[in-house]
Amino acid sequence: EAGVAQSPRYKIIEKRQSVAFWCNPISGHATLYWYQQILGQGPKLLIQFQNNGVVDDSQLPKDRFSAERLKGVDSTLKIQPAKLEDSAVYLCASSLGQGSYNEQFFGPGTRLTVL
Amino acid sequence: AQTVTQSQPEMSVQEAETVTLSCTYDTSENNYYLFWYKQPPSRQMILVIRQEAYKQQNATENRFSVNFQKAAKSFSLKISDSQLGDTAMYFCAFANAGNMLTFGGGTRLMVKP
Numbered sequence: 879e880a881g882v883a884q885s886p887r888y889k890i891i892e893k894r895q896s897v898a899f900w901c902n903p904i905s906g907h908a909t910l911y912w913y914q915q916i917l918g919q920g921p922k923l924l925i926q927f928q929n930n931g932v933v934d935d936s937q938l939p940k941d942r943f944s945a946e947r948l949k950g951v952d953s954t955l956k957i958q959p960a961k962l963e964d965s966a967v968y969l970c971a972s973s974l975g976q977g978s979y980n981e982q983f984f985g986p987g988t989r990l991t992v993l
Numbered sequence: 064a065q066t067v068t069q070s071q072p073e074m075s076v077q078e079a080e081t082v083t084l085s086c087t088y089d090t091s092e093n094n095y096y097l098f099w100y101k102q103p104p105s106r107q108m109i110l111v112i113r114q115e116a117y118k119q120q121n122a123t124e125n126r127f128s129v130n131f132q133k134a135a136k137s138f139s140l141k142i143s144d145s146q147l148g149d150t151a152m153y154f155c156a157f158a159n160a161g162n163m164l165t166f167g168g169g170t171r172l173m174v175k176p
């Protein structure tokens, strides 16, 4: 079974530029999550999707971050404009469903450096 | 809101010995899950073990076991017969009913030969 795919793996941009990350979850997984992991910290949930609907985006900085999952499969996370403090690894995860008994499977992450 | 605290930023253990990683959490919910995740250097996060809050029996997965103390809101991970491949960051995490994970700050474990 293929795992969660993310691209790109690395991205370096200058502040105030825009960037987008892509995630392809495990086939059949209805629930998709985006996490931000700042160096030396645990991941922080940014947004959770159930199919193509947003379940929770309370920790997403909506003035600069946006995410979508239009067809209920792939998802993109965008930052516009980027700030220095956005430097982090962005992790995508997926699970079969929303219940907490459903294991979340993580992708390899995209490491973003903002200069 | 939930909080998860890991008080040991770094730990080391000799190969073949046993080590225990600590985790405490705070929540007002009754139904939840607790997890330990492993993040090896430059590799992706994988689930090590999970505990359902309504189960009194501590979870065990091969060399990994937990000590779940619900009243004390404590959830420690014991690794027996430590192996070099256990070297990684270990994250304790809490999941509410909607499966939204709250992670602790992590413990860096180094297994020494």
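So the protein sequences, as listed, match chains F and G. The opening position of the first sequence corresponds to residue 879 in my numbering, with each subsequent residue numbered one higher. The opening position of the second sequence corresponds to residue 64 in my numbering, with each subsequent residue numbered one higher. For glycine and all other residues, C-beta sits at the position ideal for the given N, C-alpha and C. Computed from a predicted structure; not experimentally measured.
Open item on the list: Rounding to the nearest angstrom, what Cα-Cα distance links V1004/F and Q926/F in this structure?
Closed with: The question about residue 1004/F has no answer, for chain F in this structure spans 879 to 993.
Task: Backbone CA spacing between Y888/F and Y968/F [nearest angstrom] - done: The alpha-carbon atoms of Y888/F and Y968/F are separated by roughly 10 Å.
Open item on the list: Counting only Cβ-Cβ distances shorter than 9 Å, please list the residues of the stretch 954–987 of chain F near chain G, keeping chain order.
Closed with: L969, A971, S973, G975, Q976, G977, S978, Y979, N980, E981, Q982, F983, F984, G985, P986, G987
Open item on the list: With a threshold of 8 Å between beta-carbons, can A122/G be considered close to chain F, or not?
Closed with: no
Task: Under 8 Å (Cβ pairs) to chain F, residues found in the stretch 116–145 of chain G - done: For the stretch 116–145 of chain G, the set of positions with a beta-carbon nearer than 8 Å to some beta-carbon of chain F is empty.
Open item on the list: Need the endpoints of the beta strand (DSSP E) that S145/G sits in, please.
Closed with: Unbroken run through S145/G: none, as it is neither H nor E.
Open item on the list: Closer than 7 Å between beta carbons: that is the criterion. Which residues of the stretch 66–96 of chain G meet it against chain F?
Closed with: Y95, Y96
Task: Uninterrupted beta strand (DSSP E) stretches inside the stretch 96–137 of chain G (no shorter than 3 residues) - done: 96–102, 109–115, 127–132
Open item on the list: Taking 8 Å as the threshold (C-beta atoms), are S896/F and A945/F in contact?
Closed with: no
TODO: Please name the residue, chosen from L938/F, G920/F, T909/F, that lies closest to K956/F on a Cα-to-Cα basis.
DONE: It is L938/F.
Task: Secondary structure of D964/F, DSSP reduced to three states - done: helix
Open item on the list: Does the CB of G169/G have a neighbour CB from chain F at under 8 Å?
Closed with: yes
Open item on the list: Any C-beta of chain G within less than 8 Å: which residues of the stretch 922–936 of chain F qualify?
Closed with: Only those residues of the stretch 922–936 of chain F whose C-beta falls short of 8 Å from the nearest C-beta of chain G are listed: K922, L923, Q926, V933, D934.
- [ ] Using a Cβ cut-off of 8 Å (strictly closer), state whether L164/G contacts chain F.
- [x] Taking Cβ atoms only, chain F reaches closer than 8 Å to L164/G, which makes this a yes.
- [ ] Can you pull the chain F residues whose beta carbon is under 8 Å from the beta carbon of A151/G, in chain order?
- [x] The premise fails here: A151/G is roughly 13 Å from chain F at the closest Cβ pair, so nothing lies under 8 Å.
Task: Pairwise C-alpha distance: I109/G and G161/G - done: 20 Å
- [ ] Sort out for me which residues DSSP pairs Y979/F with in a bridge.
- [x] The partner list for Y979/F (beta bridge, DSSP) is empty, contrary to what the question assumes.
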